[in-house]
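Trainee: With UniProt numbering as the guide, the letters of the sequence shown map in order to residues 1 to 122.
Idealized CB from N, CA, C, for every residue including glycine.
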Amino acid sequence: MVCTRPDIVHAVRVVSRYMSNPGKQRWETVKWIFRYLRGTTERALCFEGKNMVLNGYVDADLAGDLDKRKSTTGYVFTFSGTSVSWASKLQKTVALSTPEAEYIAVTEASKEMIWLQNFSVN
1 MVCTRPDIVH AVRVVSRYMS NPGKQRWETV KWIFRYLRGT TERALCFEGK NMVLNGYVDA
61 DLAGDLDKRK STTGYVFTFS GTSVSWASKL QKTVALSTPE AEYIAVTEAS KEMIWLQNFS
121 VN
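#1: Tell me G56's beta-bridge partners as DSSP assigns them.
#2: Take the Cβ of V53 as the centre, count every other Cβ of all protein chains shown within 10 Å, and call the residue buried at 16 or more, exposed below.
#3: For the candidate residues E48, G74 and K24, whose alpha-carbon lies nearest to that of A60?
#4: Answer yes or no: do A105 and V58 have a C-beta to C-beta separation smaller than 8 angstroms?
#5: Just the Cα atoms here: how many angstroms apart are T41 and V14?
#6: Considering only C-alpha positions, which residue in the set Y103, S80 and T29 is nearest to N55?
#7: Looking only at C-alpha atoms, which of Q25, I8 and E48 sits nearest to G39?
#8: Tell me which residues share the same chain as R26 and place their Cβ nearer than 8 angstroms to its Cβ, disregarding the 5 neighbours each side in the sequence.
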């Protein structure tokens with residue numbers, strides 16, 4: 001069985017930026033997330049069965065960030081038709097061509113897919 005909690009994705013993404021030095025306000029937000037999770041332990045997307053299929057979709061632009069000329073990677077993975085993992089982020093290096101930007105995006109998405117496959121087996 002595989003379970004996920006898309007209801008907390010945004011809150012976790014925001015506070016994770018500040019975890020090296022969270023400060024009082026961010027730490028209060030983290031505690032709120034934990035209290036929310038404790039109160040909603042029965043709420044999760046859970047998957048089990050024989051025909052569970054993991055699909056991935058990935059794309060990249062070329063130098064979409066006008067200031068740094070970096071490309072953006074975007075991907076989404078679905079498990080039995082439900083989104084379970086997604087990202088949209090600037091690439092770490094400056095790609096010199098569309099194929100290079102796409103290659104970087106596929107590499108990042110492949111790492112995520114391998115992790116998801118290993119996670120879903122357990």
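Mentor: The relevant details are as follows:
#1: Residue pairing for G56: DSSP places it in a beta bridge opposite F77.
#2: Label assigned to V53: exposed.
#3: Considering only alpha carbons, the answer is G74.
#4: Their beta carbons are under 8 angstroms apart, which means A105 touches V58 by this criterion.
#5: Between the alpha carbons of T41 and V14 lies a distance of about 22 angstroms.
#6: In terms of Cα proximity to N55, the closest of Y103, S80 and T29 is S80.
#7: Distance from the Cα of G39 is smallest, within the candidate group Q25, I8 and E48, for I8.
#8: In its chain, beyond the 5 residues on either side, V15, Y18 and M19 have a beta carbon closer than 8 angstroms to the beta carbon of R26.
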